[in-house]
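Structure first, commentary second.
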Amino acid sequence: MKSDRILKVAVNAPLPRLFDYLPPPAATASPGCRVRVPFGRQRLVGMVIDVADASDLPRQKLRRAHSAIDDRPLLDHDDLWLIRFTSDYYHHPIGEVVAAAVPALLRQGRPLLATRSVLRLTEEGALVDLAALSKRAPRQAEILAHLDGAVSFDALDRTLPGWRRTKAALIDKGWVQVDEIPDDPGGDGGESEAAAGPTLNEDQRQAVDAILAGQGFRTTLLDGVTGSGKTEVYLRVMEETLAAGKQVLILVPEIGLTPQFVERVRRRLGRAPVLFHSSLTDSERLSAWRRARSGDADLVLGTRSAVFVPLAEPGLIVIDEEHDASFKQQEGLRYSARDLAIARGKRLDVPVILGSATPSLDSLSHANRGAYQHLTLESRAGGAMAPLLRLVDLNRHDGEDGLSTPLLTAIDDHVGRGGQVLVFLNRRGFAPTLICSACGHIAECRRCDSRMTVHQAEGSLLCHHCGATRRLDSTCGQCGAACVPLGQGTERVEETLKSRFPQHVITRVDSDSTRLKGTMDRALAMAVSGEARILVGTQMLSKGHHFPRLTLVGVVNADQGLFSTDFRGGERLAQSLIQVAGRAGRERQQGEVIIQTAFVSHPFWHELLAGGYHQVARYTLAERETAGWPPFSRLALIRASAHQRQHTWEFLEAAAEIASAAIAAAAPGGSVRVLGPVSAPMERRAGRYRGQLLLQSRRRQSLHQVLSAIARELEQHACSRRARWSIDVDPIELF
Ligand code: ADP
Ligand code: ZN
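Letter by letter, the sequence shown follows residues 0 to 734 of numbering that gives the first Met the number 0.
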């Protein structure tokens, strides 16, 4: 008999390798199937990634898998490829990549096709005299009386809590039986008539033609100002893909999955997209995953993690607002869904469309080099005009609580003419600082190097970094004098506007005001209908929305972004300003945007006002090229933190040493630079001391060789047990 082949299995453990097992008794398992395996003293569900003839371990040391779960693979070759690619590229344990790619219920060993337990009356049970029974065993009678056909355990839990204690007795008597029935809710509503869209304008037509002219994989950057009709372009291309019997995967930022957008897709394509995002329950998630995998769902719309969803007949991948930071996961497996989507598109040989009014400099530079097809939509569709931008110099104008006189006058003016106003600032709470009026003492977080934010309505001080909270005191803990809130948050701006414009409905939208389920939808509905005349909000309001009556956007304070220590500061600021400005004047009325700044002569403003986002982008790209920052080099950041500063530093110094040795061994002269270690700008957070080491290279290959050495050697190093650490490849936040 041919000897057993060896299963290379990924298990959900933070160890950067596969584990070898012999196949389960009297069974085989091919790549993409789940198996139950012994792991130390535990019993885990693992995913077979590969099957091989050899192992590094002697055969007699190999343990045997307990059992196979799937008789056919859950994941196909392309899905497995994506998992391996992700693990290699991000230097992250493969078991944790599987965990990101496969729904929790499947990782717990549930069957792919979920079943539901139901309780069913037997023939004998149907003959029981309930009246007589209810005298002896009222609980049993009650349950039998309730069984009309098969009733699910879930339903019984709701109507007859505690019924499970009586189940065994009923089964013993042969009156009921337990069955497992397939539980697939299937599609919701199926297909309906697709509504025709507007006639495309010339630019849109050309964009659609250019995308459809391609065959197979090609990345297209659809670079169109806000409201230029990019979504119409995607919809046309999607229509063609669906008509060809293929599936479409659309990735949107966390904030972009609005009911408005989903409804628009449904209406235009005549079918409800299957949604895939972080607030689904485990069983909804499994159901969406299964429907995408089987091809039953031909339209899958999701946030970041949807990039891993298996597709039976992939035909197109669309990434809307590709510049958005939420495509990058910032903890655990630090992947970029945009970058993985492109890699996946290449592997599957399907076109990838990246859309944005403010493309990332990474994507622009690919387009400039000709690696992406670059299509532009220069003007707003449907006749709306571009909004006018203007600066207000905070050094020259007084105002009330951070709102300058020119801004207040403009608000009055727009609202008076029937328009709607959005006042934007990226800071929730009442004020970012609480200061003593006598001694100048500032309320700080006890666990972080940061200030506490004043949340007036709740009467509390809250640390936005670690979540610590304490009671808001009106007097200083040091000297007893009165404390005053300093600076503006959304809560304070809302209060100022309410006292100034008492006759109008003012709605605030930030993560505090929308914590309760349904409040976000209600606030958005009021914004869309125009009932809310003045909107105050953070970035939650600044992206993607279409408020037909909005004519004025006021940006309370943009200056933090001007002096960011991160080299991406300027890019971020330009994106967020252009996105929020893009909410103004989307229909007939000319939109106006007023930005308050104390630094009117900063060159950033000159570029932005003179040439818009693309001028800022050109200027910033030139700067990055000179300095050798991305996209002209590649970065990886090694972060560490520990309760004792010393442990953080020991770890980072060891990492730097390994990096230097690897660099010396690989390429003398070294094309990889090691910068640091340095402590993080906010060194202490939630009681941990944080530091980091930055690796930079013009060559991706060299950087990855060094990272492999670091990942491998640090794993074994004693110092790695005293610090929490991570590798972030292509980091988008340097601090
Ligand atoms: P974007 O995705 O670039 O922000 P949208 O596709 O949402 O732009 O279009 C902005 C607005 O213009 C929408 O109300 C849309 O219905 C409308 N629109 C788009 N294309 C056209 C067109 N060719 N003719 C008329 N209206 C259009
Ligand atoms: Zn804190």
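We treat Cβ as the ideally placed atom computed from N, Cα and C, and that holds for glycine.
None of these values were measured; they are calculated from a predicted model.
Hey, quick one: how far does the beta strand (DSSP E) through residue i stretch, first residue to last?
| i | result |
| --- | --- |
| H454 | T452 to H454 |
| R725 | The sequence shown places Ser at residue 725, rather than the Arg named in the question. R723 to V728 is the span of the beta strand (DSSP E), which, as asked, contains S725. |
| G690 | R687 to S696 |
| V422 | Q419 to F423 |
| R470 | T468 to R470 |
| S459 | S459 to L461 |
| C482 | C482 to L485 |
| T218 | T218 to G223 |
| V508 | I505 to V508 |
| L433 | T432 to C435 |
From what residue to what residue does the alpha helix (DSSP H) around residue i run?
| i | result |
| --- | --- |
| V207 | E201 to A212 |
| Q645 | R644 to A665 |
| D77 | H76 to Y89 |
| T495 | T489 to R499 |
| E682 | Looking at the DSSP string, E682 is not in any alpha helix (DSSP H); the run it does join, the beta strand (DSSP E), is V671 to R684. |
| I709 | R699 to Q715 |
| S575 | G568 to A580 |
| D558 | D558 to L561 |
Mind checking residue i: buried by the 16 CB within 10 Å criterion, or exposed?
| i | result |
| --- | --- |
| F603 | buried |
| G94 | buried |
| G344 | buried |
| K229 | buried |
| D589 | Per the sequence shown, the amino acid found at residue 589 is Gln instead of Asp. Q589 should be labelled exposed. |
| C718 | buried |
| E320 | buried |
| G486 | buried |
| E377 | exposed |
| Q578 | buried |
| L112 | exposed |
| S286 | buried |
| L56 | exposed |
| L702 | buried |
| Q419 | buried |
| H747 | Outside the displayed range of the chain (0 to 734) lies residue 747, so it cannot be described from this structure. |
| K516 | exposed |
| T619 | buried |
| Q329 | exposed |
| A722 | buried |
| R135 | exposed |
| V735 | For the chain, the structure presents residues 0 to 734; residue 735 sits outside this window and is missing. |
| R532 | buried |
| T408 | exposed |
| P110 | exposed |
State the CB to CB distance for the pair residue i and residue j, rounded to an integer number of angstroms; the pair is presumed to be in contact (CB under 8 Å).
| i | j | result |
| --- | --- | --- |
| L73 | C32 | 7 Å |
| T506 | M525 | 6 Å |
| D424 | M451 | In the sequence on display, residue 424 carries Leu and not Asp. 18 Å between Cβ atoms; not a contact. |
| A149 | I180 | 7 Å |
| N11 | R106 | 7 Å |
| A654 | L692 | 5 Å |
| H322 | Q574 | 6 Å |
| V552 | E493 | Rounded, the Cβ-Cβ distance is 16 Å, inconsistent with contact. |
| A194 | R270 | Actually they do not touch by this definition, with Cβ atoms about 12 Å apart. |
Does the beta carbon of residue i come closer than 9 Å to any beta carbon on chain C?
| i | result |
| --- | --- |
| S575 | Any reference to chain C falls outside this structure, which holds one protein chain only. |
Which ranges would you report for the beta strand (DSSP E) in the segment 342-410 if only whole runs of at least 3 residues count? 351-355, 372-376 and 387-392
Which runs of the beta strand (DSSP E) spanning at least 3 residues fall entirely within the segment 585-648, listed in chain order? 591-596 and 633-641
Which runs of the beta strand (DSSP E) at least 3 residues long sit entirely within the segment 142-181? Give them in chain order. 149-151 and 175-181
Completely contained beta strand (DSSP E) runs for the segment 228-312, where each covers 3 or more residues: 246-250, 273-275 and 298-301
Every unbroken alpha helix (DSSP H) inside the segment 514-548 [4 residues or more]: 518-528 and 538-541
Is there contact here, the segment 216-236 with the segment 196-203, by at least three beta-carbon pairs under 8 Å? yes
Contiguous beta strand (DSSP E) assignments of at least 3 residues, all confined to the segment 11-80: 18-21, 33-38 and 41-51
Which ranges would you report for the alpha helix (DSSP H) in the segment 100-142 if only whole runs of at least 4 residues count? 103-106, 122-125 and 129-135
At least 3 beta-carbon pairs within less than 8 Å: the segment 663-682 vs the segment 720-729: no
Assess, as a yes-or-no matter, whether the segment 627-647 is touched by the segment 678-698 under the definition of 3 or more beta carbon pairs within less than 8 Å. yes
With contact counted as at least three CB pairs below 8 Å, one residue from each stretch, are the segment 678-689 and the segment 603-615 in contact? no
I'd like to know if the segment 471-479 and the segment 436-446 are in contact, where contact means that at least 3 CB-CB pairs between them fall below 8 Å. yes
Using a Cβ distance threshold of 8 Å, determine whether the segment 205-217 contacts the segment 384-397, with at least three qualifying pairs required. no
At least 3 beta-carbon pairs within less than 8 Å: the segment 553-560 vs the segment 593-600: yes
Specify whether the segment 265-284 and the segment 292-305 touch according to this definition: at least 3 beta carbon pairs, one from each stretch, less than 8 Å apart. yes
Any contact between the segment 444-460 and the segment 496-503? By contact I mean 3 or more CB pairs, one from each, below 8 Å. no
Inter-stretch contact (C-beta, 8 Å, three-pair minimum) for the segment 247-262 and the segment 399-414: no
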